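See structure below.
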């Protein structure tokens, strides 16, 4: 019988640096078979500029690289050992790594706690014990490694096309229990989003999702954190990670899977994680100032917005300018649903709008500028400047249904207005032509964020405003002391 | 003072055929200015093979076409007159059309009830009276005409790129109060959806959204109807239209705008429509067997599914096969939320799955086939055939996050399995790469439907099952009589 492991705090940034930012990586279990985990990982590591070492006692060389018989025989102590061996051989390899002073290890093999069998759970507990007793940090088992974009380092067998240049700028760091979801969400890079990291935990026998959030929070190249998870052994870890991210000023977008009875059962057989209740995690997120996004398809939209938006809105009010009355109506519906104020423009702004917008449009908020004005860049710019120039508004929303009228000039117009006033412009594009012309350009632009949903656009604004209220209350309480 | 108009039933198909399927169209107010409503409409009518007639007393010809001074002077009585004149001139023109025996008219001009001014409301009531007294059907004012795809007929000034070949097959008919939303949603054609019609009503002084639904219900080239609206003067019309569509076996997807206080206010200044309560309309939809979709971005997904799926599911159970454990969990969550049964496979199916799926995957429902099986088309096909061949399941769901592994072979595999078993395959593609490789192919395929949301995929299945329960109950009650 195993005693429960003593509780610990989330790992400090330094403790995980050899794992996620190594100078040297050894592949334990490399094989010449190109379909093997090892060979795929070596192929993925090609753009990385660190020391790559291979371990397999059966070969002297693989390809053009020397192959070593053991960890001890390596020319240097590796920062990270990627164990690509089958499950049966992992225990011995991990023990050897720890004994030889490797700083961290990644275990890809499946067949542990996700099997819900006592022997398999015990095997995972042995890996936990090795990590605890040696101080060698272990990622996995049943995981898909990680991507460190700015380092051009894809430490994974994942077949996802990770063109390094799409990942080298500071951006969104994703921490995910599920490897497929983590790399899948990172494909937002293909539509213009900036992704910095994908860190997967799989079963998380040692390093868990909270440790990854905490590491990303103190990583310069990451601006906003996305967390996709099913459950944590110790939910308090999530609260600790949230506090660290809050202090670092980095928004954390949390998406929880396994919120239903059936889903929780599926979660056990996926990563062996007890799913826990959504309410518990919602409370933790609220307390720590993390943003919970419940619809999966809204996660990367919210993350993109937070990665670009000023950390603090200048006012808790939003101006909606719409080229279509129907979208003005939809925006008002969504704003009210999410509690986002749409204050009416003050007299001077109203007068400006009345001079610009025909009387069959709407000069209120939401403004229906009409198709005539929307087709005229100069007049559209004047409408935006009138609204954006007023202190009532902290952000502007321009919803669209028709993609065909978009031009490069219009992209530039939005960008310039947003930059001029220091206020983000959100662009819900909800026509049937999903991701049509202009979508990728809006995503690539540092001042605008496209959304495929009016509802999610306002849900994101509501979350931004809630974080500001929390920060303002915190400042107040500091001043009061 | 005007007395309220007598109540009427929704118009019969024949009554609107001259409007939506005319042999001849006259443009009243044609101008040589290419930016005018008239010139834009004439340009849009180029692919149409009907008789186009021009009216403007100031010109003898415009371009190469003769121009006539009045309706009476036309060489034939036009089925439809498109009045492109400014608001001030519309009343006289409409009166002339009615007196000269024109069968229908479309009014683009704005400045009517949406202005909320007594004089403007009265102007709209005069148009209503002309229609009522003459029997000439009027579409508008403040509308954007319509598209009849199979006729290659875009009777609108809309600048939406409506490549006729994307609209010529039977498919989704859209009825929308808002022109921008109607044409915007029809841009789903660019991502592979089949659209047959876009009918807009604007303020709907005569022909309203319910009349359009009823017309589409009896139009052969329309398979499924989408209705986007803010409110109806007589909500009972919607119920009548729903009954007609139900009898015709055509699903109606209803999306209501103006569900909030602010949104309802915006609706008045958009189409002059009292928005009415969402609860009232929800009851009407339920009673008439229409499907209400509350998130705008789910409307066209649901419509695509219904346009392709067998009218009646063979069983009220769904099998989920997932290449990723995380998506299996998300699917179970969404199924439970929407009340979609995911029955466990019977013993013989379970045995087949156990022979195909590794033990660290899941051979339950949702099945986690694992990345290894998902990468092997033959084994994936065997898994699908095992599930689809069982009478327990009426549909299959294969959620995906990674777009990069998709191949043409895989598109063909899904299509063949769905066709072989007569069961639809739903493909939630929820990675960050929105509409990445394979998305358009899945939409174009007559047997598969892509979704950008696991949640909306199951919401759509739930709606399909509810319609089946209603149809089964109706059959039962007929037998009992």
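Chains as they are written, first to last, in this note's numbering: chain A, 1 to 481; chain B, 1001 to 1481. We treat Cβ as the ideally placed atom computed from N, Cα and C, and that holds for glycine. Keep in mind the model is a prediction, meaning the values are calculated, not measured.
Q. Residue range of the beta strand (DSSP E) that residue 1139 of chain B falls in?
A. Run containing residue 1139 of chain B: 1137–1139, per the beta strand (DSSP E) assignment.
Q: Taking only the alpha-carbon atoms, compute the straight-line gap between residue 1271 of chain B and residue 1094 of chain B and give it to the nearest angstrom.
A: One C-alpha to the other measures close to 20 Å.
Q | Neighbourhood of residue 1 of chain A by C-beta, 8 Å cutoff - its chain only, sequence neighbours within 5 removed | A | Since pLDDT at residue 1 of chain A reaches only 41, below the 50 mark, its modelled position is unreliable, and the value read off the structure follows with that caveat. So no residue of the chain qualifies.
Q.
Determine whether the beta carbon atoms of residue 1138 of chain B and residue 1082 of chain B lie at a separation below 8 Å.
A. No, these two residues do not count as a Cβ contact at 8 Å.
Q. Between which two residues does the beta strand (DSSP E) harbouring residue 1173 of chain B extend?
A. 1171–1176
Q: State yes or no: is the C-beta of residue 1080 of chain B within less than 8 Å of the C-beta of residue 1018 of chain B?
A: yes
(Q) Does the CB of residue 1183 of chain B have a neighbour CB from chain A at under 8 Å? (A) yes
Q: Compute the beta-carbon to beta-carbon distance between residue 1067 of chain B and residue 1108 of chain B, rounded to the nearest angstrom, for a pair I have assumed lies under 8 Å.
A: Rounded, the Cβ-Cβ distance is 19 Å, inconsistent with contact.
Q. Taking Cβ positions only, does residue 1297 of chain B come closer than 8 Å to chain A?
A. Judged by the 8 Å Cβ criterion, residue 1297 of chain B is in contact with chain A.
Q | Every unbroken beta strand (DSSP E) within the region 198–268 of chain A, with a cutoff of 3 residues, ordered by chain | A | 222–229 and 252–256
Q. Do we get a CB-CB distance below 8 Å when we pair residue 1351 of chain B with the residues of chain A?
A. Chain A, which has no Cβ nearer than 8 Å to the Cβ of residue 1351 of chain B, makes this no.
**Q.** Secondary structure of residue 400 of chain A, DSSP reduced to three states
**A.** strand
Q) The alpha helix (DSSP H) with residue 44 of chain A in it runs from where to where? A) 37–44
(Q) Taking 8 Å as the threshold (C-beta atoms), are residue 1187 of chain B and residue 403 of chain A in contact? (A) yes
**Q.** Coarse secondary structure for residue 65 of chain A, derived from DSSP in three states
**A.** strand
Q: Determine, using beta carbons only, whether residue 322 of chain A and residue 399 of chain A come nearer to each other than 8 Å.
A: yes
**Q.** Backbone CA spacing between residue 1135 of chain B and residue 1015 of chain B [nearest angstrom]
**A.** 9 Å
Q. Are residue 297 of chain A and residue 1042 of chain B closer than 8 Å when you measure CB to CB?
A. no
Q. DSSP on residue 104 of chain A, reduced to helix/strand/coil?
A. If DSSP states are grouped into helix, strand and coil, residue 104 of chain A belongs with the strands.
(Q) Which residue wins for smallest C-alpha separation from residue 349 of chain A, given the options A/299, A/230, A/390 and A/157? (A) A/390
Q: Note down the Cα distance separating residue 1157 of chain B from residue 1044 of chain B, rounded to an integer number of angstroms.
A: 7 Å
Q | the region 44–55 of chain A / the region 145–160 of chain A touching (three or more Cβ pairs under 8 Å) | A | yes
Q) What residues of chain B sit near residue 194 of chain A, judged by a beta carbon separation below 8 Å? A) Near residue 194 of chain A there are no residues of chain B at all, since even the closest Cβ is about 11 Å away, more than 8 Å.
Q) What residues in the region 1411–1439 of chain B bring their beta carbon closer than 7 Å to a beta carbon of chain A? A) 1430, 1431, 1432, 1433, 1434, 1435 and 1436
Q: Could you tell me which uninterrupted beta strand (DSSP E) segments, each at least 3 residues in length, are contained entirely in the region 385–469 of chain A, listed from first to last along the chain?
A: 395–397, 425–428 and 448–451
Q: Report back the beta-carbon spacing between residue 1199 of chain B and residue 1219 of chain B to the nearest angstrom; my notes put them in contact at under 8 Å.
A: About 10 Å separates the two Cβ atoms, so there is no contact after all.
Q. Alpha carbon to alpha carbon, how far is residue 1242 of chain B from residue 1333 of chain B?
A. 32 Å
Q) Any Cβ of chain B within less than 8 Å of the Cβ of residue 168 of chain A? A) Chain B contact via Cβ: absent.
Q: Starting from residue 146 of chain A, follow the beta strand (DSSP E) in both directions and report where the run begins and ends.
A: 146–148
Q: Please name the residue or residues paired with residue 329 of chain A in a DSSP beta bridge.
A: Note: residue 329 of chain A sits in no beta bridge, so no partner.
Q. Roughly how many whole angstroms lie between the Cα atoms of residue 236 of chain A and residue 1175 of chain B?
A. 52 Å
Q: Starting from residue 1322 of chain B, follow the beta strand (DSSP E) in both directions and report where the run begins and ends.
A: Run containing residue 1322 of chain B: 1318–1322, per the beta strand (DSSP E) assignment.
**Q.** Enclosing alpha helix (DSSP H) for residue 128 of chain A [first to last residue]
**A.** 118–134
Q. Should the region 250–266 of chain A be called in touch with the region 300–310 of chain A, which here means at least 3 C-beta pairs below 8 Å?
A. yes
Q.
In the DSSP output, which residue or residues are listed as bridge partners for residue 156 of chain A?
A. Bridge partners of residue 156 of chain A: none, in fact.
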